[in-house]
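Position one of the sequence shown corresponds to residue 30 (our numbering), numbered consecutively onward.
Where is the CB? At the ideal position from N, CA and C, for every residue including glycine.
Treat the numbers as computed from the prediction; the structure is a model and nothing was measured.
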Amino acid sequence: LSQAFVDGQALRTYRHAPNAGSRKSWAAGDATSRAVRLAMITLAGEMGIPGVLTAPQWGFYDVLFSKTNKDQGLKPEGERKFSLSQSYGSYVMENVLFKISFPAEFHSQTACEAAVKLHPLVKDRLDQISRIVIQTHESAIRIISKSGPLANPADRDHCIQYMVAVPLAFGDLVAEHYEDGFHQSNPIIDQLREKMEVVEEPRYSREYLESDKRSIANAIQVFFKDGSSTERIEVEYPIGHRRRRAEGIPVLEKKFLSNLRTRFPEFRCQQIVELCLDQTKLEGTPVSEFMDLFVIN
30 LSQAFVDGQA
40 LRTYRHAPNA
50 GSRKSWAAGD
60 ATSRAVRLAM
70 ITLAGEMGIP
80 GVLTAPQWGF
90 YDVLFSKTNK
100 DQGLKPEGER
110 KFSLSQSYGS
120 YVMENVLFKI
130 SFPAEFHSQT
140 ACEAAVKLHP
150 LVKDRLDQIS
160 RIVIQTHESA
170 IRIISKSGPL
180 ANPADRDHCI
190 QYMVAVPLAF
200 GDLVAEHYED
210 GFHQSNPIID
220 QLREKMEVVE
230 EPRYSREYLE
240 SDKRSIANAI
250 QVFFKDGSST
260 ERIEVEYPIG
270 HRRRRAEGIP
280 VLEKKFLSNL
290 RTRFPEFRCQ
300 QIVELCLDQT
310 KLEGTPVSEF
320 MDLFVIN
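Okay, structure coming up:
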């Protein structure tokens, strides 16, 4: 852990306009690869750094945790160190979110699911829509609610309006839908974006932060020019959430196999999947043998 704190962290710059870019697509892989490397050198005997957090001037607290982000002023003294709402344990691992259904920023996953459900009701009436109301949580509004031009695929997959418009119009959201050509050839996307109202639902914001829920809720309702409307479709937890594990794991395994098939022959895909689904066998497999399975001859 001390090695990780010494390394610091990547900035969030590449996740926010006007600098949103492709790096965020490989950021998670980069972070986990660093974690594996630090774990391996630690197991090999690399010494830790006991004062990594608290060392005056050079410690993590003084260098990276003592100033406000907005004006770089000093925080009150009591706020210059971590304050934890619960004890250390396995909470994070038990609540891992799997991005399964859509290649979309996580705050929008349930909105995409709601939009897919609404597609059959609106696909033949897109030109009759007067407004689209998206009820969401504060984090989604702050991070992914965008208006105006979208510069690139990375910008589009951090725009809740774009990620709702596509499945409303086309019934699904896949990686190709973020490309420049697709966006430019389908003006209906921006036409729908212009009709969207993104509003905060206080309960969603509250339950997003509650440790026993951590919902990522969204609701969508479409209104038409003749005064009619669709039903309000609400989805509180994405399929990759802990509360939908029984539903999500089979879909996750299917996604894993599907992605393997883009790179490997079928027999190798089956070898990898069978090994990964057998925990005892996987834990007994040397790392070198495991990595050999991913070599393309």
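Problem set entry | Entirely enclosed alpha helix (DSSP H) segments - the stretch 169-208, minimum 4 residues | Runs of the alpha helix (DSSP H) spanning 4 or more residues and lying entirely within the stretch 169-208 occur at 182-185, 189-199, in chain order.
- Query: Within 10 angstroms of its Cβ, does M122 collect 16 or more other Cβ (buried), or is it exposed?
  - Reply: One-based indexing of the sequence shown puts residue 122 at position 93. Flag for M122 reads exposed.
Please give me, in chain order, every unbroken run of the alpha helix (DSSP H) with length at least 4 that falls completely inside the stretch 243-299. Within the stretch 243-299, the runs of alpha helix (DSSP H) at least 4 residues long that lie entirely inside it are, in chain order, 274-289.
message = Rounding to the nearest angstrom, what Cα-Cα distance links S244 and F127 in this structure?
response = Here residue 244 refers to the residue found at position 215 when the sequence shown is read from its first residue. Here residue 127 refers to the residue found at position 98 when the sequence shown is read from its first residue. So the alpha carbons of these two residues sit roughly 14 Å apart.
Checklist line | Anticipated Cβ contact below 8 Å, I163 with E134, distance rounded | finding: Counting from 1 along the sequence shown, the entry for residue 163 is found at position 134. Counting from 1 along the sequence shown, the entry for residue 134 is found at position 105. At roughly 14 Å, the Cβ-Cβ gap does not stay under 8 Å, so I163 and E134 are not in contact.
| message | Judging by CA-CA distance, which residue of L150, N124, D91 is the nearest neighbour of F111? | response | The count along the sequence shown starts at 1 and reaches residue 111 at position 82. F111 has its Cα closest to that of D91, out of L150, N124, D91.
What residues in its chain sit with their C-beta under 6 Å from that of Y216, if we drop five residues either side in the sequence? Reading the sequence shown from its first residue, position 187 is the one you call residue 216. Note that residue 216 is Pro in the sequence shown, not Tyr. Counting only residues of its own chain and dropping the five nearest sequence neighbours on each side, P216 has no CB closer than 6 Å to any other CB.
> Nearest-angstrom Cα distance between L289 and M320?
Replying inline: Looking up residue 289 in the sequence shown gives position 260. Looking up residue 320 in the sequence shown gives position 291. In a straight line, the C-alpha of L289 is about 14 Å away from that of M320.
Open item on the list: What I want to know is whether the C-beta of Q308 ends up closer than 8 Å to one or more non-hydrogen atoms of the ligand FMN.
Closed with: For the ligand FMN, the structure offers nothing, since it holds no ligand at all.
Query raised in the report: What is the C-beta distance between K246 and V264, in whole angstroms, given that I count them as a contact (C-beta under 8 Å)?
Result: Numbered from its first residue, the sequence shown carries residue 246 at position 217. Numbered from its first residue, the sequence shown carries residue 264 at position 235. A quick correction: the sequence has Ala, not Lys, at residue 246. That belief holds up - the Cβ atoms of A246 and V264 are roughly 7 Å apart, short of 8 Å.
**Asked** When burial is assigned at 16 or more other CB atoms within 10 Å of the CB, is F89 buried or exposed?
**Response** As a working mapping, residue 89 is identified with position 60 in the sequence shown. Looking at its Cβ environment, which holds 16 or more other Cβ atoms inside 10 Å, F89 is buried.
#### Entry: Nearest candidate by alpha-carbon position, reference T139, set A180, Q101, D201
Numbered from 1 along the sequence shown, position 110 holds the residue referred to as residue 139. When only C-alpha atoms are compared, the closest one is D201.
Can you give the Cα-Cα distance for E260 and A57, rounded to whole angstroms? By 1-based counting over the sequence shown, the position of residue 260 is 231. By 1-based counting over the sequence shown, the position of residue 57 is 28. Computed Cα separation, rounded: 37 Å.
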